[in-house]
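Reviewing the structure listed below.
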Amino acid sequence: MSGGPKAGAAADGRKGRIPHSTDRMNMSIAKRAGRNICVLAFALIWAACGCQEERQSEGPAATTSAPTTSAPATPGSPATATSPSPNVGAGGQAASVSKAPLSPMSAKQLADERGVDEPIEAPPVTEAPEKEFAPRPVAPPVAPGPVAPAPVTAAPAVGNYAGDEPGKKKIDPVKENGEIFKNWPKPALAILATGEQHGYLEPCGCAGLENMKGGLGRRHTLLKKLRGDGWPVVAVDLGGQVRRFGRQAEIQFHRTADALRTMQYDAVGLGADDLRLPVDDVLADLADPKNGFVSANVAVYEGIPPRYLVVERGGRKIGITSILGKGPDYRDKVKTRDIAIQDASAALREVLPELDKKCELIVLLSHASLEESKALAAAYPAIDVVVSAGGQTPPPGEPTALNEGKTWLVEAGHKGMYAAVTAWFDDEKEPRRLQRVPIDSRFADSPEIHRLRTAMQDQLREAGWEGLGLKPAAPKRDAHFVGSEKCGECHTKAYAVWEKTPHAHATQSIVELDPPRQFDPECVSCHVTGWEPQRFSPLKGGFLSLDKTPKLLGNGCENCHGPGSKHAAVEAGEMQATPQQQMSLRLEMRLSKEQAKKQPDEVGRTTCISCHDLDNSPDYIQHGFEAYWPRVEHKGKD
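What follows is the structure, encoded as structure tokens:
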């Protein structure tokens, strides 16, 4: 049988060896049994027999059987019988899943693609009977008419953030970021697209939450409002949930999958960094149809994820698929041989004819460069909407029209700061519109997502630094941290300035959050003394915990000037040194104003930009060093 990319192909040259056997699936399931027994048990059933399970609906759902159908072969490719099994979208409507082999590549081509010496034979596809599921009950329809924009003043957000200072003037998010859905009637169909979250389940908040965009909790509130207003919404995500790898990124991925399921997302693509996580750890998430993962050209296991979904909403059938593009930022990042990736164009040649026969609209989630997304859209005019990664932030407020206007290419931006809503109307003059939606403080934080964030912080606390795989690195300077109070014994005036700055209370600000963040490396790294801010990891002798290292609370002197144990010991007469050595240690500790403006140097000092970067301190990037320096300016020794 000529098959497409098969996940789990052996690297040892033994023909036909597939290490992703049922036994391996069982190992993955056992590993994560404590997290969700039902989901993991289902994953075993999926791998063993290709069966599908309906997504849970909010109300009772009657099920009926439907005969299995076989799609004719795509022209130019081998004839392949397909038995699309139904899947229920997170929004509750029926969604079909293709169980066709991934590609028409020959076994030899596949071996070349996977970097192994011998061809890999694909096991036969197990076909499952098709089912139909009753749709999830939706809110009563709202009479056509203008939809009021989101309120200017949102309800108080759940939780609090480091930048929410008492008495601080709150901005008006509508004035700041613009109205949304102005003069829109209720659409016949709306597709809400997000993507490239990059680990930002919530905005940092260090610059004041009201000044920052993003957050799954706010996004959930937006979706609940649109559905409550009677909009038929299809929610899709490009993928790219994480940007790093390691245990914390794995936890972020799982919690994001939980959040997207809670928000009733219908389809979720896969980004390159998502696929860098250990396959065994994310397999159950990818296998659960309630999570909506889909990809035309990525195979983690036979049939996982499905190649496409069909969702019914607003009286229409919408076909959704996704691809992972080529190049160093996309396909080339995925090094593991446990995952097979087919050429995106070849995959779409197989999938789109099936969708074209079944659906009135087709949506492609293209986790690729803008150039590749445009090329794919031009090559396949059957696609109605391409949601592309690789764009800019903020994303454009207007679509890129292709194929004489039939295909719209839209962007959703990065870090979950925006959503792109494409809507269809019963209006001959303007049948389709796009709204760029800033996910800002006009939307309250949803309690459901707040609970998930709290659970994630509990996981980080239970794991500890060691459980998260964080091993302290030696500081670049041969010294250890002594704490800011020790510095203040001689530098009394500089210490007095520091005590009045937010730096001195940086640790307290994250301890008092809801939930607390002192166990989160991505927060701790800029809010304590003795961590590497850009690597989210501790330095040897740096902060460990509130109890073990109380002298290293706050963003202290040594974060900027470097560890000072030798300098302090020599000045106190506790360590012998020549006058030249003493002067050398003094000079080593100095950080001039000009040096502070620059990137970190090589002798253990950090600089402002290490923490005040675009991700966490957009005000600093906007206004610059000179605007901030007067707030912390201090001299050397008294």
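If you're matching positions, the sequence shown starts at 0 in numbering that gives the first Met the number 0 and goes up one per residue.
Cβ atoms here follow ideal geometry from the backbone N, Cα and C, with glycine treated the same way.
So, for residue i: in the same chain, excluding its five sequence neighbours on each side, which residues have a beta-carbon less than 7 Å away from its beta-carbon?
i, result
"G555", "G482, S483 and T528"
"L408", "S372, K373, A376, V385, S387, P398, T399 and L401"
"G324", "R330, A343, S365, H366, A367, S368 and E371"
"P59", "Its pLDDT being 33, under 50, P59 is placed unreliably by the model, and the measurement read from it follows with that caveat. Closer than 7 Å at Cβ, skipping near neighbours: no residue."
"C486", "Y494, C556 and G563"
"C358", "V309, K316, I317 and G318"
"H504", "G553"
"K169", "E209"
"P541", "Just to set this straight, residue 541 is Gly in the shown sequence, not Pro. Within the same chain, G541 has close Cβ partners P471, F480, T528, G529, W530 and L551."
"E570", "C489"
"E427", "none"
Check whether the Cβ atoms of residue i and residue j lie closer than 7 Å to each other.
i, j, result
"H566", "L538", "no"
"A381", "L351", "yes"
"T320", "A295", "yes"
"V293", "P277", "no"
"L437", "N176", "The displayed chain sequence assigns Pro, not Leu, to residue 437. A contact, by the Cβ cut-off of 7 Å."
"L191", "A234", "yes"
"G239", "G270", "yes"
"F535", "R217", "no"
"M582", "H560", "no"
"A491", "D637", "It is Thr, not Ala, that sits at residue 491 in the sequence shown. Result yes, Cβ atoms of T491 and D637 sit closer than 7 Å."
"G313", "P184", "no"
"Q391", "F180", "no"
"T577", "A595", "no"
"T220", "E447", "no"
"D236", "T193", "yes"
For residue i, collect the residues of the same chain with a Cβ closer than 8 Å to its Cβ; drop the 5 residues on either side in sequence, then sort them by chain order.
i, result
"N645", "This structure leaves residue 645 out entirely; the chain is present only between 0 and 637."
"M455", "L200, I250, Q251 and R254"
Going by alpha carbons, who is nearest to residue i out of the options?
i, options, result
"E201", "C522, L552, K223 and G541", "C522"
"L188", "V420, D457, R630 and K592", "V420"
"R452", "A626, G468 and D513", "D513"
"K223", "A472, D444 and R348", "D444"
"L459", "G213, G302, H253 and R242", "H253"
"P393", "E195, D171 and G623", "E195"
"I322", "Q341, D612 and D328", "Q341"
"R243", "A568, K547 and K332", "K332"
"A248", "G468, L215, K174 and E311", "G468"
"R348", "L363, F535 and G245", "L363"
"A345", "P474, A378 and G214", "A378"
"I303", "A462, G326, G268 and D328", "G268"
"P395", "E410, E178 and E570", "E410"
"K405", "Q621, P430 and R476", "P430"
"D519", "Q580, E570, D457 and Q575", "D457"
With residue i and residue j assumed to form a contact (beta carbons below 8 Å), what rounded beta-carbon distance in angstroms separates them?
i, j, result
"I338", "V299", "6 Å"
"Y199", "K414", "4 Å"
"V631", "H502", "7 Å"
"P186", "A422", "4 Å"
"L354", "Y417", "Not a contact, Cβ separation roughly 27 Å."
"H633", "W464", "Contact flag wrong, Cβ pair sits at about 31 Å."
"P172", "S440", "5 Å"
"V241", "D272", "5 Å"
Helix, strand or coil for residue i per DSSP?
i, result
"E131", "Per-residue confidence for E131 stands at a pLDDT of 31, beneath the threshold of 50, marking its modelled position as unreliable; no derived number is given."
"R647", "What is shown of the chain runs 0 to 637, which leaves residue 647 out entirely."
"W640", "Examination of residue 640 is not possible in this model, given that the chain is present from 0 through 637 alone."
"P74", "For P74, the predicted model reports a pLDDT of 35, less than 50, meaning its position is unreliable; a value from the coordinates is still stated below. Coil."
"H622", "helix"
"R534", "coil"
"V496", "helix"
"H366", "strand"
"S372", "helix"
"G318", "strand"
"D257", "helix"
"Y627", "helix"
"F252", "helix"
"P437", "strand"
"D236", "strand"
"R432", "strand"
Quick one: what's got a C-beta closer than 6 Å to residue i's C-beta in the same chain, skipping five residues either side?
i, result
"G90", "For G90, the pLDDT reaches just 46, beneath the cut-off of 50, and the residue's location in the model is therefore unreliable, although a value from the coordinates is still provided. Within the same chain, G90 has close Cβ partners Q263 and D265."
"L552", "T506"
"L225", "V232"
"T255", "Q240"
"H622", "none"
Consider the C-beta atom of residue i and the heavy atoms of the ligand GTP; say whether any pair is separated by less than 6 Å.
i, result
"K499", "Although the ligand GTP was asked about, the structure shown includes no ligands whatsoever."
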